[in-house]
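Quick note: the sequence shown uses this note's numbering, first residue 16, plus one each step.
Here a beta-carbon is modelled for each residue, glycine too, at the ideal position from N, C-alpha and C.
Structure first, then comments.
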Amino acid sequence: MKDFLPSPIERYIVKYCVNVGNGHGRVKNEESTLKGLKALLSEPMVDMSVSFAQYMSLDQDAKFVKKSAPGYWLAAQFRGGVRRRDHQLFRSMIVLDLDYVKVAQLDYIRMGFAEINQYYWIMHTTRAHCPKKPRVRVIIPCDRQIDATETNAITRLISMQLAEDPDEAIELPDLVSFRFNQAMFKPSVSRGQEYWIEDNADGSVLDVDAFLAENDGWDDYTLLPYQEAEKQRGVVDPNRKMEHPHEKPGLLGAWCRTYDIEETISEFLSDVYVPGTSETEVRYTYAAGSGSNGSVVYDDGLFLQSKHGTDPAEGLHNSFDLVRLHMFGHLDDKVRSDTSPGNLPSFKAMTDFARKDENVMLDLQASAAPDDDWDDDVDDGLDEPRAARKTAATAPATKSGDLSVDDLLGDPPGDDDAPRNIDDEFDDEPEDPDQDEESEPEVKWQSLLVLDKQLLFEKSLHNCATIVKNSKRVAPHIALNDLDVGPYLRGKFRFPKANISQAAVLNKTDGRRMTDNDTAALMCALAAPKKMGGYATQFTRQDIELSLLQAAEQNRYNPFLDKVNSVEWDGVLRLATFFHDWFGAADNPYHAELGTIWFVAGIARQHEPGHRFDLVPILGGKQGGGKSGAIEELGLGYGGALSGDYGDTQKMTESTKGKTVLEVPELKGMSKGEIEDVKAYFTSPKDTIRLAYRRNEEDFFRRCVYMGTTNQAHYLKDEENRRFCPVLTDTSRDNKIDFPNFIPAILQFWAEAQHIYFEMREAQPHGVLPLEFISKEKQAQGLCPLVQRILV
């Protein structure tokens, strides 16, 4: 019984997918053991309608129908069941179609002499196989998932192990074997045709990392082995390398980035080129010509090489030139031969045509902006941490200057080196899947920028605000401080190459106020050239300032709440005994309620500025005990003293900006009229003023709470005494507040208060919270003895 158990390698799990339905665009992800995969490929579909000889005599279209009947599979898996290159997740196996292997070469592999036999493989014959002209497929599982670059490198390098002579070995696989997204038909045979399948059980699963480590430079495409046919295809001049169409400047590059060859033909030239019948390459037939399949798509849609002698676009062309020659080439019939390329009527007409294309202009707008990533190799300041460096592959450099003739007109016709036709496969671009599977592409914010007629950025407030509000170099570092109600920097602007100078932001939590120099630095940065991260646009100072206000508004923060939220309440009740524990006040309901509602009000006014609360605890007691210092510390760095001029709203408001806890000055020597101003001030939830640097009046809702200190009793001139809540302390020079323990506990005071606030808001989602004494009796019970003692 033990002899029939599968070997460990046969139990190895591999992931792949199979087609769904009759089209080529839908797949279902599967996984099985290698034994299961071998079983899947062991029973070919038998086509009784034709013999092998009859099958081989069929034209390519008829052969395609026959061998596609059983469906297909891929050594890969896809997101959402959509077989598109941008949905492919990984490859799990290397698949080699040996369509050019000779009998002796195949025997060399099967008999174990080839170096490739160190790896486990499954080998089976394909539809065009016969004993004298073998065609087989070799499947090599990998020990991990591999990406497109790794797939290409491993496939080419492992092909060198198929024969003793590497130059001979690289020519054995079919070119489609090097495709990341290549599909394989499930096995089928004609009537009476030979079919066999076997595996190399003595080999091991391919160790991807070890294999790549043995091949230094595997990720450099120029160092990989290529077949002779690949070296020749598309070559115009061996001393000249084609520039990447996507890197061409202006509308030409934007067009090529927006539309590849296949999209261009489908969208604009569907009556000029009709799809060809090749199964191994993307080919088209020039409709007005006499031949067929004479136009080949190269480099994943970057170029079309037309070999039709009557085609106006004969030769190798990018998508821009392809449209230009077919739609506007006739405009050049009567121009002088020495006309510069940029002045050709066809080029002018094509650029006008491209300018009217919304998709092209969106790409051009986005690409005209600098990359939003940066190499942050410059310190922000002495006390700022260096940001993590971001590494990225650099794109090939392109020459600057005027457009060349080749840039504008494309390349001249090349040699007629048609790549060889290869059976047994089909185009790696599937039929369009259901569109509802596709997610909407994300629109880049750069596409919102407006260009002028010279394709430069307009010097407009719209462009300035769009950049400042969206660029990762600016937007994350400017914010509106809710306490100060003004724009703050939480980090320096990220233009390390623009040579701008800014003061360091020493505390990222608090930030620092924006300065005139920060505005100047941003103006200089945006005016810098693109290679320095700028936009080569001189915006006005007013545009910069207005844009910064907008950017700050969308990125508000509250440094006080940030500190409170940095801790969790530990569950210990402290507020009810706050005045008793730290100031020596009596332990009674009055002090318990006052301490609790004062802290909760402080939190409520951060979440709901202007929330109604008009109680002011007044700490009475001897001098020197640290009462004022304690009030300052309760502000978590945002404490201060209230201006004493209650009749000057402007001055009072300025003194509350950026503060959470304010000490009320001594309330002594005030007339009855003055005390009415004091009462009105603490009752009001907001102040309406025009700040010195603003044009309009604004409402500033209170975000702070108040607490006072006194050695006098005469401040109690409010007959009802509802607002001022005396707290008699026993602090003095000889009995100071325990600051070493008081300060560490402050965050827990506020954390408890926020916990209570959230519970109150959950119970009462709307309206004013009852931040007042539960009963006037409790207030009076605590108040009357205190008043008596203070007045003694």
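Of the candidates LEU317, VAL42, ASP222 and THR292, the residue whose Cα lies closest to the Cα of ASN196 is VAL42. Using a Cβ distance threshold of 8 Å, ILE771 and LEU651 do not count as a contacting pair. In this structure, the alpha-carbon of GLY526 lies about 60 Å from that of LEU111. Excluding sequence positions up to five before and after ASP577, its CB lies within less than 7 Å of the CB of THR524, all in the same chain and listed in chain order. When rounded, the separation of the alpha-carbon atoms in GLU583 and PRO759 is 14 Å.
Leaving aside the five residues that flank CYS539 on each side, the residues in its chain whose CB is nearer than 7 Å to its CB run, in chain order, ALA513 and ILE515. With fewer than 16 other Cβ atoms from the protein chains shown falling within 10 Å of its own Cβ, LYS487 counts as exposed. In the assembly as shown, MET63 is an exposed residue. Its beta-carbon has fewer than 16 other beta-carbons within 10 Å.
Restricted to the region 253-313, the alpha helix (DSSP H) segments that are unbroken, complete and at least 4 residues in length are 265-273 and 276-283, listed in chain order. Setting aside the 5 residues that flank it on each side, MET547 is surrounded in the same chain by LYS512 and ALA513, each with a C-beta closer than 6 Å to its C-beta; the list follows chain order.
Pairing ILE154 with TRP136 gives a Cβ-Cβ distance under 8 Å. Put simply, the backbone Cα of ASN333 is about 15 Å away from that of ARG298. When the five nearest sequence neighbours on each side are left out, the beta carbons in the same chain lying within less than 7 Å of the beta carbon of PHE554 are those of LYS474, CYS479, MET538 and LEU541, in order along the chain. With contacts defined by Cβ atoms closer than 8 Å, ALA383 and LEU466 form a contacting pair. Excluding its 5 nearest sequence neighbours in each direction, HIS341 has C-beta neighbours in its own chain below 7 Å: LEU284, VAL287, PRO327 and ALA328, listed in chain order.
Of SER361, VAL338, ARG339 and GLY357, the smallest CA-CA separation from LYS349 is found for SER361. As summarised for the region 82-146, the continuous beta strand (DSSP E) elements at least 3 residues long and confined to that stretch are 87-89, 91-93, 103-113 and 137-140, given in chain order. By the Cβ test, the region 66-82 is not in contact with the region 177-187, since fewer than three Cβ pairs between them sit closer than 8 Å. Distance from the CA atom of ALA91 to the CA atom of GLN763, rounded to whole angstroms, is 55 Å. Non-local C-beta neighbours of LEU677 in its own chain, meaning closer than 6 Å and more than five positions away in sequence, comprise GLY655, LEU657, CYS719 and TYR721, ordered along the chain. At a Cβ-Cβ threshold of 8 Å, PRO59 and TYR301 do not count as neighbours. For ILE559, the enclosing alpha helix (DSSP H) begins and ends at 556-568.
Distances from the alpha-carbon of TYR134 to those of ALA198, VAL223, PRO680 and ARG150 put VAL223 closest. In the DSSP assignment, GLY644 falls outside any beta strand (DSSP E) and within the unbroken alpha helix (DSSP H) covering 642-649. Assignment of beta-bridge partners to ASP62 by DSSP yields SER205. Annotation: the continuous beta strand (DSSP E) that includes PHE739 extends over 739-743. The continuous beta strand (DSSP E) containing VAL679 extends over residues 676-679. Straight-line measurement puts the Cα of GLU787 at about 8 Å from the Cα of LEU609. Within 10 angstroms of the beta-carbon of ASP533 lie 16 or more other beta-carbons, which makes it buried. According to the DSSP secondary-structure assignment, GLU46 is paired through a beta bridge with LYS30. Going by beta carbons, VAL579 and ALA766 fall inside the 8 Å limit.
THR141 and LEU177 have their C-alpha atoms roughly 18 Å apart.
Residues of the same chain with a CB within less than 7 Å of the CB of ILE131, apart from the 5 flanking positions on each side, are ILE124, ILE173, GLN176 and LEU177 in chain order.
The three-state secondary structure of LYS637, taken from DSSP, is coil.
In this chain, HIS332 is not harboured by any alpha helix (DSSP H); it is covered by the beta strand (DSSP E) spanning 330-332. Between TYR661 and TYR605, the C-beta gap is not smaller than 8 Å, which leaves the two residues out of contact.
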